[in-house]
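Chains as they are written, first to last, in UniProt numbering: chain U, 1 to 130; chain S, 1 to 123. Ideal Cβ placement from N, Cα and C applies to all residues, glycine included. One structure is given below, encoded as structure tokens.
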């Protein structure tokens, strides 16, 4: 069974050189979580153009998708989402008491797999704008 | 024993629901990304395509559940991060209610948009 440690406030980022793999995983998970929740509100705001009519929605989405910067941001979003999913699976397993002893290795595996998926997806995400 | 980090206090209701919604979201978020970026490309999106998907009860229900669970998971995560950061008292209460109101508005707006595409609940 996994064990939680009462480590008090650990957001002393001035100590970043002392951070372990588990601490970095926790920071990355928190950072990607903030990005995803911010994106969720933005996403619903953009999709809400559908409320003003068919043409407004289609024009808005297609105009955004024609911009290279939007495609690059989408690749960034993919990276953030994939890491959050993979590290989230890792956390679910650790909470179930599975793989706690290898939690540093599973964090590195999450990073490598995220990198591989994102690099392999770049051609799909930038198609027709480059 | 290796050290386990979490913003949540284990065993609480908020911790449990964060895990339950996470288990659902890892599957549905991956499906959502795959469907809308790899099967259908985002640049080809039109109102008609979204409309066709939303008029299927299964897809409509899944997206509504996705919206609600993602909102809860995200906002609950933000709240716990702020608790972990040391926020307490009236500031925490103010943040809590701001997050609750923002979540309600987000869900209402998302449901309104889904209903626009579906032309009502697709039963």
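Asked, Found
"Residue range of the unbroken alpha helix (DSSP H) whose run includes residue 123/S", "No alpha helix (DSSP H) holds residue 123/S; DSSP gives it neither H nor E."
"Any chain S beta carbon closer than 8 angstroms to residue 48/U", "yes"
"Cutoff 8 angstroms: residue 89/S Cβ touching any chain U Cβ", "no"
"Below-8 angstroms beta-carbon distance, residue 45/S vs any chain U residue", "yes"
"Residue 104/S burial status per 10 Å Cβ neighbour count (16 or more: buried)", "exposed"
"Where residue 112/S meets chain U, residues with beta-carbon distance less than 7 angstroms", "51"
"Residue nearest to residue 72/U in terms of C-alpha spacing, selected from 125/U, 62/U, 80/U", "125/U"
"Residues near residue 75/U in its chain [Cβ-Cβ closer than 8 angstroms; skip 5 each side]", "118, 121, 122, 125, 126"
"8 angstroms CB neighbourhood of residue 56/S in its chain, flanking five on each side removed", "122"
"Buried versus exposed, by CB contacts within 10 Å (16 or more), residue 25/S", "buried"
"DSSP three-state assignment for residue 90/S, whether helix, strand or coil", "helix"
"Nearest-angstrom Cα separation, counted from residue 37/U out to residue 44/S", "25 angstroms"
"Whole-angstrom distance between residue 87/U and residue 27/U, CA atom to CA atom", "11 angstroms"
"Outcome for residue 53/U when other beta-carbon atoms lying within 10 angstroms are tallied against a minimum of 16", "exposed"
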